[in-house]
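2 protein chains.
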Amino acid sequence: MAKPGRGPSMHDVAARAGVSHQTVSRVLNEFPGIRPETRQRVLLAIDELGYRRNVAARSLATGRSQTIGVIIPNTTDFGPVSSFYAVEAAVREAGLQALVTATSDEPRAVEESLDFLMARSIEALVLMAPTRMVVDVVDALKPPVPIAYLLTGDERAPWSVSVHQQQGVDLMVDHLVGLGHTRIQHIRGPESSIEAELRAEEFGQQIRARRLVELPILTGDWTAQSGFDACEQVDPAATAIFCGNDQMAIGLIHAAVNKGMRVPEDVTVVGFDDIPEAVHTLPPLTTVRQDFGAVARLAVKALVAALEGEEMPDTSPLPAQLVVRESTAPASATARR
Amino acid sequence: MAKPGRGPSMHDVAARAGVSHQTVSRVLNEFPGIRPETRQRVLLAIDELGYRRNVAARSLATGRSQTIGVIIPNTTDFGPVSSFYAVEAAVREAGLQALVTATSDEPRAVEESLDFLMARSIEALVLMAPTRMVVDVVDALKPPVPIAYLLTGDERAPWSVSVHQQQGVDLMVDHLVGLGHTRIQHIRGPESSIEAELRAEEFGQQIRARRLVELPILTGDWTAQSGFDACEQVDPAATAIFCGNDQMAIGLIHAAVNKGMRVPEDVTVVGFDDIPEAVHTLPPLTTVRQDFGAVARLAVKALVAALEGEEMPDTSPLPAQLVVRESTAPASATARR
DNA sequence: CCGCGCGATGTTACCGTGAACATCTTCCGA
DNA sequence: TCGGAAGATGTTCACGGTAACATCGCGCGG
């Protein structure tokens with residue numbers, strides 16, 4: 001029987017079922033060519049003993065860790081976190097396990113994370129890389145496994161899976177222009193952020209293509225505080241402010257109201273992401289929804305396909321969705337300061 | 338040399354350093370009694386070959402998985418998520434790895450999570466259990482490992498690590514009473530939630546102990562939407578509303594403002610948790626801060642101590658902290674509807 | 001001068017599984 | 001009736017470490 005401190009092994013099951021351990025292995029791995037009766041005996045023995053396959057031994061014997069590594073920025077933002085949950089669920093459903101490390105924005109921390117994961121011989125990596133730096137550090141270390149770049153939104157990166165950032169920006173600009181706004185100012189996310197860059201670039205192109213007034217693009221760091229602070233530099237003539245994410249919009253609205261302005265009567269403010277709180281901000285926020293769960297599942301699907309040698313799914317950017325709430329009003333209604 | 342597809346093994350290192358594989362093992366495990374010169378040769382060989390210890394083999398040989406399981410509710414709430422990051426960091430720092438499963442509120446999902454973790458022979462479990470149900474399901478399955486109950490706040494549970502809920506409530510009630518409020522209404526979290534229960538109980542006791550007006554306790558589900566909805570049932574005579582968390586406070590404020598009330602001029606509203614957005618809600622929210630990182634680190638410390646057979650750290654509840662912002666005003670200033 | 005003990009290192013036997021190969025049975029056609 | 005192929009199962013070994021025990025050499029005390 002089993003040794004003390006360890007559970008029953010295949011041999012215990014085999015002994016009980018009156019077969020060899022290899023037959024047990026075959027039953028577990030669903031090999032063809034097992035007599036139904038034998039299979040039943042084995043399954044019964046497994047059940048009676050409460051046997052569980054030893055993952056470590058299996059992984060040692062096969063040389064496969066059955067593990068997908070995940071690197072996630074240690075922010076509590078809605079986007080990465082919901083994507084992570086979806087990744088974890090998808091990985092588990094695929095019969096693998098997800099090993100996660102949360103990492104700060106320092107190169108050293110990223111290296112440590114990757115090192116940690118490689119030491120556990122992960123078979124693939126989901127890289128939630130908000131910044132170019134993270135992508136660069138990881139690429140420099142050339143991990144010998146397939147990598148899905150999640151939420152980077154950068155199509156130049158191989159295996160990138162994300163929501164179509166440009167399309168999201170287009171939807172929002174359409175909406176604002178449709179309301180008659182011509183003086184739209186953008187508060188982008190930090191310089192280091194790939195998504196911030198993409199959104200800002202697309203915004204600029206849209207403004208120029210539509211021959212709207214070009215106002216300087218302000219820079220925040222995704223936090224509500226930075227939106228609050230950015231208010232100081234907002235052009236007084238701007239009738240609409242397009243924030244790079246919802247948190248900054250929240251901070252901006254706070255600052256604007258502090259200054260005695262009303263949203264949206266005096267100024268229209270919009271965000272990006274559609275975090276849960278966006279429904280109940282004052283006023284409720286018009287924003288662009290990204291399906292963080294869907295991109296995550298797609299990334300895992302792609303990686304699993306790569307591991308199994310199956311055909312790759314289509315990883316082109318997923319559609320974004322405009323969510324109109326109450327923080328936007330027609331430009332005509334806007335009283336200038 | 339190493340087989341194709343696998344990295345170098347201890348034998349490769351041993352061969353290169355001109356020692357036995359066991360000496361390599363001893364160097365790696367920092368055994369005493371290795372000649373400094375030998376140790377150097379081994380370290381050099383490890384470095385040259387880029388050798389990494391095979392975690393699976395090690396775990397098979399020792400019978401220890403070096404893994405701590407984590408069960409987290411799949412909500413993107415600030416509390417659990419920040420605690421999780423802290424857990425992950427602490428576990429990694431302790432030389433172990435954290436294996437996480439996000440689980441929904443259904444018993445079946447909890448069972449599956451636990452099963453998944455046990456199959457990977459975790460050595461300990463961090464259980465972020467918001468509901469009594471999760472605790473019950475896990476306890477019923479009697480996992481044979483030490484369990485830290487994180488954020489349940491229930492001192493009746495063994496190994497519970499959390500912020501002192503009652504103290505947090507007391508701080509807030511003190512604050513409100515200090516402002517002259519006597520008609521305070523509480524919107525608690527869901528029936529199933531342990532923390533909601535603790536906060537509501539303590540609130541009730543405080544109200545009775547101070548002989549304040551007893552208003553019915555309303556029930557939400559932690560979401561902003563439920564706070565919004567609860568506004569309908571708020572007693573018109575209440576001058577202060579104590580929400581069980583910040584999200585519900587956000588929803589409540591939204592509804593109150595929709596009804597034409599001003600916060601805090603017409604009604605005082607407070608929350609609990611101090612989520613990042615609380616600084617920039619309109620008005621900025623008075624709330625109770627919990628140090629989610631600290632509890633997480635403490636939980637891991639306790640588990641590691643249990644695994645190493647060391648002395649247990651003190652796991653009594655951590656202090657909560659009152660954060661006064663602008664959503665509270667003296668009761669005298671409150672105009673009745 | 002010899003043997004003992006101890007420090008430093010080597011040898012061997014596992015840990016629990018899967019892969020490759022061996023063996024045994026059975027069934028079918030010549 | 002017998003040979004052979006195919007199906008079902010058993011045996012052996014390898015995976016890469018750790019643990020227990022064995023060995024070797026050296027210094028020191030009797």
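The listed protein sequences derive, respectively, from chains A and B.
So for the first sequence, my numbering puts the first residue at 1; every next one is plus one.
So for the second sequence, my numbering puts the first residue at 338; every next one is plus one.
From the three backbone atoms N, C-alpha and C, an ideal C-beta is built for every residue, glycine too.
Note that this is a predicted model, so its numbers are computed, not measured.
Taking CB atoms only, Glu-425 (chain B) has a neighbour in chain A less than 8 Å away. A direct Cα-to-Cα measurement between Ala-398 (chain B) and Tyr-388 (chain B) gives close to 19 Å. The C-alpha of Gln-543 (chain B) is placed about 33 Å away from the C-alpha of Ser-441 (chain B).
Secondary structure at Gly-69 (chain A): strand, using DSSP grouped into helix, strand and coil. The beta-bridge partner set that DSSP reports for Ala-456 (chain B) is empty. A distance below 8 Å separates the beta carbons of Val-437 (chain B) and Glu-88 (chain A). Cβ-Cβ distances below 6 Å link Val-135 (chain A) to Ala-129 in the same chain, with the five nearest sequence neighbours on each side left out; the list follows chain order. Restricting attention to beta strand (DSSP E) runs no shorter than 3 residues, the region 225 to 282 of chain A encloses them at 240 to 243 and 268 to 270, ordered along the chain.
A:Leu-114 is the residue among A:Leu-114, A:Glu-106 and A:Thr-131 whose C-alpha sits nearest the C-alpha of Pro-143 (chain A). Think of a sphere of 8 Å around the beta carbon of Gln-434 (chain B): the chain A residues whose beta carbon falls inside it are Leu-99, Phe-116 and Arg-120, in chain order. Under the three-state reduction of DSSP, Ser-327 (chain A) is assigned to coil, being neither helix nor strand. Per the coordinates, the alpha-carbon of His-186 (chain A) lies some 43 Å from the alpha-carbon of Ala-636 (chain B). Residues of chain A whose Cβ lies closer than 8 Å to the Cβ of Ile-587 (chain B) are, in chain order, Glu-277, His-280 and Thr-281. Counting only unbroken stretches of 3 or more residues, the beta strand (DSSP E) elements lying wholly within the region 281 to 325 of chain A are 287 to 289 and 321 to 323, in sequence order. Ranking A:Ile-71, A:Leu-212, A:Gln-290 and A:Thr-223 by CA distance to the CA of Gln-166 (chain A) puts A:Gln-290 first. Boundaries for Tyr-51 (chain A): no alpha helix (DSSP H) harbours it, and the DSSP string shows neither H nor E there. Distance from the CA atom of Gly-227 (chain A) to the CA atom of Gln-233 (chain A), rounded to whole angstroms, is 10 Å.
Residues of chain A with a Cβ closer than 8 Å to the Cβ of Ser-362 (chain B) do not exist; the shortest Cβ-Cβ separation is about 16 Å. Interface with chain B (8 Å Cβ-Cβ cutoff): Gly-63 (chain A) is included.
Taking the Cα positions, Val-361 (chain B) is about 20 Å away from Met-118 (chain A). For Ala-427 (chain B), the enclosing alpha helix (DSSP H) starts and ends at 415 to 430.
Using a Cβ distance threshold of 8 Å, Val-263 (chain A) and Ile-275 (chain A) do not count as a contacting pair. Taking 8 Å as the threshold, the shortest C-beta distance from Tyr-51 (chain A) to chain B does not fall below it. Residue pairing by DSSP puts Val-163 (chain A) in a beta bridge opposite A:Leu-318.
Any Cβ of chain B closer than 8 Å to the Cβ of Ser-226 (chain A) would place that residue at the interface, and such an atom is absent. Of all alpha-carbon atoms in B:Ile-405, B:Val-364, B:Asp-583 and B:Leu-622, the one lying nearest the alpha-carbon of Glu-663 (chain B) is that of B:Leu-622. Per the DSSP secondary-structure output, His-523 (chain B) pairs in a beta bridge with B:Phe-579. For a Cβ distance threshold of 9 Å, residue set Pro-613, Glu-614 and His-617 of chain B lies close to Gln-247 (chain A), ordered along the chain.
Counted as a single uninterrupted DSSP element, the beta strand (DSSP E) harbouring Leu-127 (chain A) occupies residues 124 to 128.
Ile-250 (chain A) and Arg-525 (chain B) have their C-alpha atoms some 25 Å from each other. Val-81 (chain A) sits away from Ala-98 (chain A), with the two beta carbons spaced by 8 Å or more. Judged by beta-carbon spacing, Val-169 (chain A) lies within the 8 Å limit of Glu-202 (chain A), meaning their Cβ atoms are closer than that value. Here the region 363 to 372 of chain B does not lie against the region 300 to 308 of chain A, with fewer than 3 beta-carbon pairs under 8 Å apart. The criterion of a C-beta distance shorter than 8 Å is satisfied by Ile-194 (chain A) and Gly-153 (chain A). If you draw a straight line from the Cα of Ile-459 (chain B) to the Cα of Gly-178 (chain A), it comes to about 56 Å.
Contact between Gly-180 (chain A) and Ala-331 (chain A) is confirmed by a C-beta separation of about 4 Å, below the 8 Å threshold.
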